[in-house]
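Reading through the structure tokens given below for one structure.
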Amino acid sequence: MKRLPISILYVEDEHVILQSVKELLEGKVRNLYLAMNAKEALELFKKHKPEVVISDIKMPGMDGLSLLREIKKIKSDTKLVILTAFGKKNYLMDAITLGVDKFILKPVEESSYFQELQDLSNSIKLEKQLRLEEERRKKAQNEL
Numbered sequence: 001m002k003r004l005p006i007s008i009l010y011v012e013d014e015h016v017i018l019q020s021v022k023e024l025l026e027g028k029v030r031n032l033y034l035a036m037n038a039k040e041a042l043e044l045f046k047k048h049k050p051e052v053v054i055s056d057i058k059m060p061g062m063d064g065l066s067l068l069r070e071i072k073k074i075k076s077d078t079k080l081v082i083l084t085a086f087g088k089k090n091y092l093m094d095a096i097t098l099g100v101d102k103f104i105l106k107p108v109e110e111s112s113y114f115q116e117l118q119d120l121s122n123s124i125k126l127e128k129q130l131r132l133e134e135e136r137r138k139k140a141q142n143e144l
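For the sequence shown, my numbering assigns the number 1 to the initial residue and increments by one for each residue that follows.
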């Protein structure tokens, strides 16, 4: 698999899962940042501003949805992914209201996981191209 040109912050309170994700994604994305809780995740996010944040919902302290809400306040175009073993409708509705881009249930198959990341990478690339084109259009319009 070709390395994806995206930076990911992955937030998971279970060490074994976090280690598995590290082994799975390291070298396959531009940058991978790992956090075991929301506080650590916010610090990493403010420092590195990754394009994608993948978070578990259930964590001690601040839950995943609250974390993603805070991240959206800092950088609204961040792609948000909820990864959880919980399929409860209230979480799904809260995630939709928040603007979560993907909602993935655990356990995730490796191939489908990479497809989800590829889709996010493509979406980010297209959005960047659209922003550049809009900036060029505005610049050309101002020069007239």
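Backbone N, C-alpha and C define an ideal beta-carbon position, used for all residues, glycine too. Treat the numbers as computed from the prediction; the structure is a model and nothing was measured.
For residue 76, no beta strand (DSSP E) run applies, since DSSP gives it neither H nor E.
Nearest in C-alpha terms to residue 41, of all of 64, 119, 3, is 64.
Counting along the chain, residue 52 sits inside the beta strand (DSSP E) bounded by residues 52–55.
The beta carbon of residue 102 sits closer than 6 Å to those of 81, 116, all from its chain and outside the five residues before and after it, given in chain order. Beta bridge pairing from DSSP links residue 31 with 7.
By alpha-carbon distance to residue 11, the top candidate from 26, 4, 33, 24 is 33. Nearest Cα to residue 83 within the set 7, 59, 131, 29: 59.
In terms of Cα proximity to residue 15, the closest of 35, 29, 2, 25 is 35. The alpha-carbon of residue 52 is positioned some 14 Å away from that of residue 104.
The closest CA to that of residue 56, considering only 4, 135, 119, 107, is found on 107.
The DSSP-derived three-state label of residue 108 is coil.
Here residue 78 is buried, its C-beta having at least 16 other C-beta atoms within 10 Å.
At a Cβ-Cβ threshold of 8 Å, residue 6 and residue 120 count as neighbours.
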